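For reference, the structure discussed in these notes is given below.
Residue numbers (our numbering): 147 to 264.
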């Protein structure tokens, strides 16, 4: 019985980890307003627009994601610390530093590809 439960536990751990490790998604990115700086994120950290963090609806907190702006091919790696965006077609909210790194501050919105890296 112990072996069966242990096997089931490891199998479930594998199922939970696997999707995040091979996850890619394409859609629109936005970034946090300056007025939100210092607010608590869903994982309890304070939002710091100078850091390279982001919000995603489902990826686990702490997941590192490569975000590529499809119009200029600039990329940045961010850490997921918050939940959102909740508007259809939008897949990630970036801090202002991350948005600046991929050249999307002027447009406010960019079509991006996100890929889990860790």
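Virtual Cβ for every residue (Gly too), placed ideally from N, Cα, C. In this text the structure is predicted, and so the values were computed from the model without any measurement.
| said: Going by DSSP in three states, residue 256 sits in which element: helix, strand or coil? | reply: The sequence position of residue 256 within the chain shown is 110, counting from 1. Look at residue 256 here: in three-state DSSP terms it is strand.
| said: When you compare the CB positions of residue 249 and residue 220, do they come within less than 8 Å of one another, or not? | reply: Reading the chain shown from its first residue, position 103 is the one you call residue 249. Reading the chain shown from its first residue, position 74 is the one you call residue 220. Cβ distance < 8 Å, so residue 249 and residue 220 count as in contact.
| Between residue 245 and the rest of its own chain, which residues show a CB-CB distance below 6 Å, the 5 nearest in sequence each way excluded? | On the chain shown, position 99 is the one that residue 245 refers to. By the criterion of a C-beta distance shorter than 6 Å, residue 245 is surrounded in its chain by 177, 251, once the five residues flanking it on both sides are discounted.
| request: Can you tell me which of the three DSSP states residue 179 falls into? | output: Position 33 of the chain shown, counting from 1, holds the residue named residue 179. In the structure shown, residue 179 sits in coil (DSSP, three-state: anything other than H, G, I, E or B).
| Own chain residues within Cβ distance below 7 Å of residue 88, not counting five before or after | Coverage of the chain is limited to positions 147 through 264, which leaves residue 88 absent and any answer about it impossible.
| said: Can you tell me which residues form a DSSP beta bridge with residue 173? | reply: Within the chain shown, residue 173 is the residue found at index 27, counting from 1. Note: residue 173 sits in a beta bridge opposite 258.
| query | Do you know offhand how far residue 216's Cα is from residue 175's? | reply | Mapped onto the chain shown, residue 216 falls at position 70. Mapped onto the chain shown, residue 175 falls at position 29. Spanning the two alpha carbons is a distance of roughly 11 Å.
| task | Going by DSSP, name the residue or residues bridged to residue 215. | result | Position 69 of the chain shown, counted from the start, is the residue given in the question as residue 215. For residue 215, which the question treats as bridged, DSSP gives the partners 258.
| query | On the three-state DSSP scale, how would you describe residue 188? | reply | In the chain shown, residue 188 corresponds to position 42, counting from 1. If DSSP states are grouped into helix, strand and coil, residue 188 belongs with coil.
| How far does the alpha helix (DSSP H) with residue 246 in it reach, from first residue to last? | Within the chain shown, numbered from 1, the residue matching residue 246 stands at position 100. Per DSSP, residue 246 belongs to the alpha helix (DSSP H) from 242-247.
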